[in-house]
Each structure stands twice: as structure tokens, then as C-alpha cells.
Amino acid sequence: MKKFIIIMFAIIVAVPCVLLTGCGNGSTDFEDSSEITVYTALEDENVTEYLELFSAKHPDITVHIVRDSTGIITARLLAEKNNPVADLVWGTAASSLLILDEEGMLEPYAPAGVDKILPQFKSGKSVPTWVGNNAWETVFVINAVEIEKIGLEASDINGYQDLLRPELKDHVVMPNPASSGTGLLTVTALLQLNGRETDNGWDYMSALHENIQQYTHSGSKPARMAAAGECIVGISFGFPAINQKKQGAPVEIVFPAEGSGWDLESNALIKKSDINPAAKTFLDWAISDEAMNLYSKSYPIVTNGKASTYEGFPDHDPVEQLIENDLAWIAANRENILDRWTRMFDGKSETR
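Take -8 as the starting number for the sequence shown in the numbering used here and just add one per residue.
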């Protein structure tokens, strides 16, 4: 896990203190039992909206948020294994939580209402060590104006193979899988779709690399870059893609014909010598009906099986868009996959 430790220091506190009481100087060394430290990879705007609801219901609990991309949050948690700072993890990839679970870092806890969560969306242990909130998936965000300048139309891009078109050289942006959960779920989808026991997936990524302009730190940035005309195709995920379209950007959103890679935004209690009861209160709320209703506004699949109010997804069942995904295989092979990817492709990565 040394790779994660090397990149662990790029952490930011992303939620404004005006939503929280007692923010002080941003320290995460708290003594007050009503204060909890929450690590999350949720999008900034989601965190703000969700915490307003939690704070209204539990004004006695002060929530200190540490927010970054999935890979960075995972790195920090692993580096802090012997001296944990976080009380819980909220909205971070299940594939990462499987790694933490294997390391013995998660405290089993069955949040109130966990029986409503579909079995495939929580750990299989009798007392779960992690519980999913919602699923997110790979999409392509295509600038419909810019693509015409190279003699193509947005409708020419339907699947992964279309991203290899020579006209797209230096016009595709995707997330770096070492820092971005969206990048990782896309890379592991390509490996699984092309036969994970072969090199076919790596051969595809080598060909795609010829068209890559940049690998970004976050999974949402390619959507913003495509919307701004800074690239023609951004490989991203549904929430920021559809937000850009709703805000009037000249983009088309394509869910790849071969199927979308995916992961679960999930929650877990961190194993510590003294578990803060407020952390359990937060985890209960995080899968409550009111929280699920909020998730469903931004994500097509929520883990309690209820219909989503997410607008902008294709008319078919969103679950049908997802590839057959082996999260346990991803967790077991993550370090090797990231090592190989970095050796082959990291030269075009965004610097922070």
C-alpha cells in the first residue's frame, strides 16, 4: 500500500464552516464527544446539501468534513491505520472500503434500517462492515459544438471503441484511477469487459492513451472541461455530466453501449479504541429514508431499491446499463492495477 501513503497529503476541507459549528482552525484533533470527523469522496455540492439536512435533525452534533477524491481519501485512511483520525467514512467507493475491511480497519455496525438495503449493496457479513448508499457509473460527456470542428458529430460516439477514432487525438480527458474512483471504475471496467485474464484491456488503454489530452485528479473535472470546450470528450460520471447539461452547456451525454463501469458510494465505521456514539447516529441517518431521497435526486440507483427521481438518465432500467462488476476482484487487484497503469500512462496526469 505504499503508493497510497505517498499521495496521502493532498487533503482539503471542502465544506464551508458556516454549515458547521466549532470549525475553529480546521484541526481534526477533537475531544468533544458530540464532534465527529467524517472522511468523504462525495461531490462538494452534495456534501453541502446533505449536511444541511443532517444538521437540522441533529443540531447537537458537529460534523468536521475532510473531502477529496476516492484515491486520496483511501490513501489517508490507510496511512492513519495505527492512529485513526476519522470516525467514519461516508460516500466513498465500496471497492476502497473492501481494502480497509481486509486491513481490519472497519468496525462492524448495523445501522438502523440496514435491512432495507438490498443484499448486493452491503457487505455480506452478519453484522455489516460497510453499507452502500447509491451507485455511480461511467459516462462520456461530448461537446457537441467542438466535435463538429474535427468533422464528427456527437452521435458518432456510442461506445469505448469510438474513443479510438484518429480524429479524437489529444481531445479526450479522463480521470486518473490512482486518485479518482471514477477513473478506477472505468479502468477496471475496461479490464473486465476485455477479459481480465488477458492483456486486451491494457492494449485498449494503450490505444486510448494516444487520444488522451490529460488524466485529471477528479472524476467530475472531465465533465466540466468538456462543457467548457477545453476538451471534446470527457470521461466522467452521471451526476456532474447531467448537471453541466442542465446548466446549458452544449454537451451530449453518452452511456457506453458496452456497459458502464460502476461502484457504490458507501459508509463505514472506523475501528478505534473509543467509538463515538455520534458516529453511529450519523451512519443511521446516512441510510435513512430522507437521506435516500436526497441521493436519488443525483444518482439513478439507490441501494434501498426505491425508484430514483434522477433526471437525465436513459429511459431504460439504469441497472441494465451497469456491467457485471466484481468489486472483490477490484479490491484484491487494485494496487497491481494502479502500479501498472501508472508505469504505462502517468505522464499525461494533471499535477496538483
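We put the beta carbon where it would ideally sit given N, CA and C, even for glycine.
Suppose the cutoff is 6 Å on Cβ atoms and the five residues either side in sequence are ignored; what does the same chain contact list for residue i look like?
i, result
"residue 126", "253, 255, 292"
"residue 90", "322"
"residue 304", "291"
"residue 161", "204"
"residue 336", "200"
"residue 175", "168"
"residue 52", "25, 269"
"residue 218", "235, 240, 242"
"residue 238", "none"
"residue 103", "275"
Near residue i, what residues of its chain come up, given a Cβ to Cβ distance below 7 Å and the 5 sequence neighbours on each side ignored?
i, result
"residue 185", "191, 192, 195"
"residue 340", "167, 206"
"residue 120", "92, 97, 99, 114, 259"
Can you tell me where the beta strand (DSSP E) holding residue i begins and where it ends?
i, result
"residue 58", "53 to 58"
"residue 79", "79 to 84"
"residue 268", "Careful: residue 268 lies outside any beta strand (DSSP E), inside the alpha helix (DSSP H) at 268 to 277."
"residue 165", "163 to 166"
"residue 249", "Run containing residue 249: none; DSSP gives neither H nor E here."
According to DSSP, which residues form a beta bridge with residue i?
i, result
"residue 151", "Partner(s): none; residue 151 has no beta bridge."
"residue 317", "Answer is none; residue 317 lacks a bridge partner."
"residue 292", "126"
Identify the continuous alpha helix (DSSP H) that holds residue i and give its terminal residues.
i, result
"residue 209", "That residue, residue 209, is in no alpha helix (DSSP H); it is neither H nor E in DSSP."
"residue 233", "229 to 237"
"residue 258", "First-last for residue 258: 253 to 261, but that is the beta strand (DSSP E), not the alpha helix (DSSP H)."
"residue 64", "61 to 70"
"residue 40", "35 to 48"
"residue 286", "280 to 286"
Excluding the five sequence neighbours on either side, which residues of its own chain have a C-beta within less than 8 Å of the C-beta of residue i, listed in chain order?
i, result
"residue 287", "125, 293, 297, 298, 299, 300, 301"
"residue 18", "Only weak support is given to the placement of residue 18: the predicted model assigns it a pLDDT of 38, under 50, and the question is left unresolved by the model."
"residue 244", "130, 131, 132, 133, 229, 232, 233, 236, 303"
"residue 109", "294, 295, 296"
Select from the options the residue whose C-alpha is nearest the C-alpha of residue i.
i, options, result
"residue 158", "224, 217, 165", "224"
"residue 275", "73, 105, 37, 342", "105"
"residue 84", "265, 133, 95, 168", "168"
"residue 34", "50, 45, 58", "58"
"residue 164", "53, 208, 66, 116", "208"
"residue 111", "341, 100, 257, 333", "257"
"residue 39", "49, 27, 28, 56", "56"
"residue 248", "324, 142, 154", "154"
"residue 325", "180, 273, 30", "180"
"residue 317", "271, 177, 31", "177"
"residue 138", "152, 156, 29", "156"
For residue i and chain C, any beta-carbon pair shorter than 8 Å?
i, result
"residue 105", "No chain C appears in the structure shown, which is made up of a single protein chain."
Could you check if residue i belongs to the surroundings of the ligand GTP, using beta carbon to heavy atom distance under 7 Å?
i, result
"residue 166", "This structure lacks the ligand GTP, and indeed carries no ligand of any kind."
Practice task
Specify whether the region 144 to 158 and the region 275 to 282 touch according to this definition: at least 3 beta carbon pairs, one from each stretch, less than 8 Å apart.
Solution key: no
Problem - the region 130 to 147 touching the region 224 to 234, judged by at least three CB pairs closer than 8 Å - result: yes
Handout entry: the region 134 to 141 in contact with the region 215 to 229 per 3-pair CB rule at 8 Å
Key = yes
Handout entry: Contact the region 42 to 52 vs the region 66 to 82: 3+ CB pairs below 8 Å
Key = Under the 8 Å Cβ criterion, the region 42 to 52 does not count as touching the region 66 to 82, having fewer than three qualifying pairs.
Exercise for the section: Report yes or no: do the region 315 to 330 and the region 257 to 265 share at least 3 C-beta pairs separated by less than 8 Å? Expected result: no
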